[in-house]
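Colleague: Here it is, the structure in full.
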Amino acid sequence: MEKVKSTFITIVASLTGFCLIAGTALALANRLTEDKIEAAKAAALQEAIKKVAPEFDNDPSAEQYKVGLAEGDSLTVYPAKKGGKLVGAAVETNTKKGFGGEVRIMIGFDADQKIVNYSVLEHNETPGLGSKMEEWFRTDKGKQSVLGRDMKGGALKVSKDGGDVDAITAATISSRAFLDAVNRAYSAYTQADANSGSTAQNNN
């Protein structure tokens, strides 16, 4: 009986020790994985900002601020500065009007309120159709490209809605969604943020 009791205690102790070691190992692995994921996200964010904003020498992500919109939500603005002077910004924007749901993009504006570039961060649009937004709106063909567009002229619209931007062939809904995200970004860019220490030019 004593031998059985001793064996049982040994087994419980061994299992307890194993669980403690396994738990610690899993926690450490999870922590390391989280750190890598966060580092990858930070690198991707920096790359997206660098791709779309005018040339800068500050750290836009360190000076980021939120701007509330009329719809009730807010967008993040990453101010781009050179020599201490605001030269534009990258704006992380989104819309829920996509054919497949939410569309998220990073788009850059210069000090003259012109579009510098954009990067599609996330979308669920139809492959081969709406997914073409990743390149369509920067292609210099017809009225496809939005690069260099002066946003002071008003909100961008597809030609079917009375605008002057060619929609993606057979993907008008996705095109409208993309332009909605751009227009929302511009609205955020033109608003002053009291905590940013910078003021984007107003569209008055």
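With numbering that gives the first Met the number 0 applied, the sequence shown covers 0 to 203.
Don't be surprised by glycine CBs; every beta carbon is placed ideally from N, CA and C.
All values reported here derive from a predicted model rather than from experimental measurement.
Indicate whether the contact test is met: 3 or more Cβ pairs, each with one atom in the stretch 57-64 and one in the stretch 121-134, closer than 8 angstroms.
Modeller: With the cut-off at 8 angstroms, the stretch 57-64 and the stretch 121-134 do not touch.
Colleague: For Val164, report the span of its beta strand (DSSP E) as first-last.
Modeller: Val164 -> no beta strand (DSSP E), and no H or E assigned at all.
Colleague: Would the beta-carbon of Ile106 be found less than 7 angstroms away from any heavy atom of the ligand ZN?
Modeller: What this structure holds is no ligand at all, so the ligand ZN is not there to describe.
Colleague: If contacts are defined as beta-carbon pairs under 8 angstroms, then Ala184 and Val119 qualify, I think. What distance do you get, rounded to the angstrom?
Modeller: Contact flag wrong, Cβ pair sits at about 13 angstroms.
Colleague: In or out: Ser186 buried (at least 16 other Cβ within 10 Å) or exposed?
Modeller: Buried.
Colleague: DSSP state of Leu146, grouped into three classes?
Modeller: Three-state DSSP puts Leu146 in coil, outside helix and strand.
Colleague: Using CA coordinates, which residue listed in Gln190, Thr15, Leu178 and Ser13 is at the minimum distance from Gly97?
Modeller: Taking only the C-alpha atoms, the option nearest Gly97 is Leu178.
Colleague: What's the C-alpha gap between Val66 and Ser174?
Modeller: Distance between the alpha carbons of Val66 and Ser174: 24 angstroms.
Colleague: Whole-angstrom Cβ separation of Ile114 and Gly147, contact assumed at under 8 angstroms?
Modeller: Rounded, the Cβ-Cβ distance is 6 angstroms, consistent with contact.
Colleague: So the beta strand (DSSP E) Leu120 belongs to, where does it begin and stop?
Modeller: Start and end: Ile114 to Glu121.
Colleague: Where do the N-terminal and C-terminal ends of the beta strand (DSSP E) with Leu85 fall, by residue?
Modeller: Element bounds for Leu85: Lys84 to Gly97.
Colleague: So which of Met105, Gly161 and Asp56 has the shortest CA-CA distance to Gly82?
Modeller: The shortest Cα separation from Gly82 among Met105, Gly161 and Asp56 belongs to Asp56.
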